[in-house]
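Following the working numbering, the numbering of the sequence shown begins with 1 at its first residue and continues without gaps.
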Amino acid sequence: MQFRHEEVSWRGLSWTVVDTVEAVMAPWRSLAARAPDQPFQHPAWIAAWLKTRGRALSVRPRIAIGSHCGRCEMVVPLGVSGRGPCSVLRWLVGDASDYNAPLASQELRSGFMAAEAPAFWRFIVGLTGPAAVLDLANQPERIGGSANPFIAGAIGEEACRAHSLRLEAATAEAGLSKRHRKRLRSFERDHGSVAYISIPAGPDCDSAVVQIIEWKAQQLARSGGFGPFESEGVRAFLASVAGDPAMPLRVAMLRTASSALASFILIDGGEAEFIYQCAYNPAFASSSPGTLLRRLVESDAARRGKTVLDFGPGDERYKAEICDTAMRLMRTIRPLQPSGVLLATVFRSRLALKRRIKSAPALYAAICRAKRASLVLRKCLPSISALRRDPETLEPA
């Protein structure tokens, strides 16, 4: 009798837990190909982070694999950090992933009922623990346009929002507006012909990503903004994943014969194109190369059949001006043991404070100014580096 995959439920799967990606690389890749709208759970993404960042953070991988009839149907990539009352069960790759959810085949996902989420997570925690606290960040409300059924809604809290732009077929032909074409012609008169190029994951993409990270770090330093690029581990992770041809990642670039003007790190998510990071060459900031490149990326994505250009999490002003769709990202924080109550309370208080700060523009601007001043001071007083906090975990480095 032929097996009908659409009838599979998570309860009917055979479950195992592994501590390396390599142990399940082949079936995991096969599942990722069937669920392209979840690229942040791709094994190449997870493996690169564990190699370059996970070890430094002393994360112990606890990757739950659900299979049926020899076919991988679900992967829940978690890891434990800390010990005893400070142990936390989190997503692998953590805040470096824009969206976190169990990687599941579309058949299984479509048959999963949101009412099953509490029981599902009790099962997964029992399988992958023990830990004192469960902390699941960046859980999107939707996956591939449909409601994400894997959120434990009763204990979920809104952490931030993600923004996207719906693409129409007409976008493919629109290209640059008249105003932007004029700006481009003016730039080319002064600096030479400009080309739009796309670099797939591999050695050339690796070096392009390193340049993007450097530009982004400079931009954040000037503005006092917050980002993960202060950490060399995060830089090494992104460079490593960009160098792996298995990862559905590429860099879109605007450049002249002698200089790169702006670059975007793009991740293919099936019908959506994810803008993971974007940055521009500070030397050409007055010519708005990032805006020019964005319009070209929109047109190129529409030509390739994409229906959504996803700008990712964050409430930057330009996203509100460009995008026409917003989505909540949920964070679930729950003590798993009595000893974890205090730590869970600290995490929740920190999340509430962060939301309050971001809702007060004047306060957030003041904090950015203070951070910018501290960066200047830090360069003058290297000894205070011992007080830095890891930007990925928000714990002492």
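Cβ coordinates follow ideal geometry from the N, Cα and C atoms, glycine included.
Quick caveat, the model's predicted, so the values are computed rather than measured.
Counting along the chain, the unbroken beta strand (DSSP E) around residue 90 starts and ends at 88-91. With fewer than 16 other beta carbons inside 10 angstroms of its own, residue 282 counts as exposed.
Judged by their CB atoms, residue 95 and residue 312 are not nearer to each other than the 8 Å cut-off. Here DSSP, grouped into helix, strand and coil, assigns residue 252 to strand.
Within the stretch 18-66, complete alpha helix (DSSP H) segments of at least 4 residues are found at 25-34, 43-49, given in chain order. Within the stretch 174-247, complete beta strand (DSSP E) segments of at least 3 residues are found at 195-200, given in chain order. 79 is the residue among 322, 79, 65 whose C-alpha sits nearest the C-alpha of residue 130. In this structure, residue 250 and residue 266 form a Cβ contact; the two beta carbons are roughly 5 Å apart against a cut-off of 8 Å. Looking at the DSSP output, residue 72 shares a beta bridge with 67. Taking 8 Å as the upper bound for CB-CB distance, residue 149 and residue 123 are not in contact here, some 15 Å apart. Secondary structure of residue 315 (DSSP, three-state): coil. Sixteen is the threshold: since fewer than 16 other Cβ atoms of the shown chains lie within 10 Å of the Cβ of residue 16, the residue is exposed. Residue 106 carries a helical assignment under DSSP once its states are collapsed to helix, strand and coil.
Assigned with DSSP and collapsed to three states, residue 309 falls in strand. Distance between residue 11 and residue 332, taken at the CA atoms: about 22 Å.
Taking residue 285 as reference, the option from 318, 31, 215 with the minimal CA-CA separation is 215. Along the length of the stretch 146-173, whole beta strand (DSSP E) runs at least 3 residues long occupy 156-166, reported in chain order. Judged by their CB atoms, residue 56 and residue 233 are nearer to each other than the 8 Å cut-off.
DSSP, read as helix, strand or coil, puts residue 269 in strand. Measuring C-alpha to C-alpha distances from residue 81 to each of 73, 71, 92 identifies 92 as the nearest.
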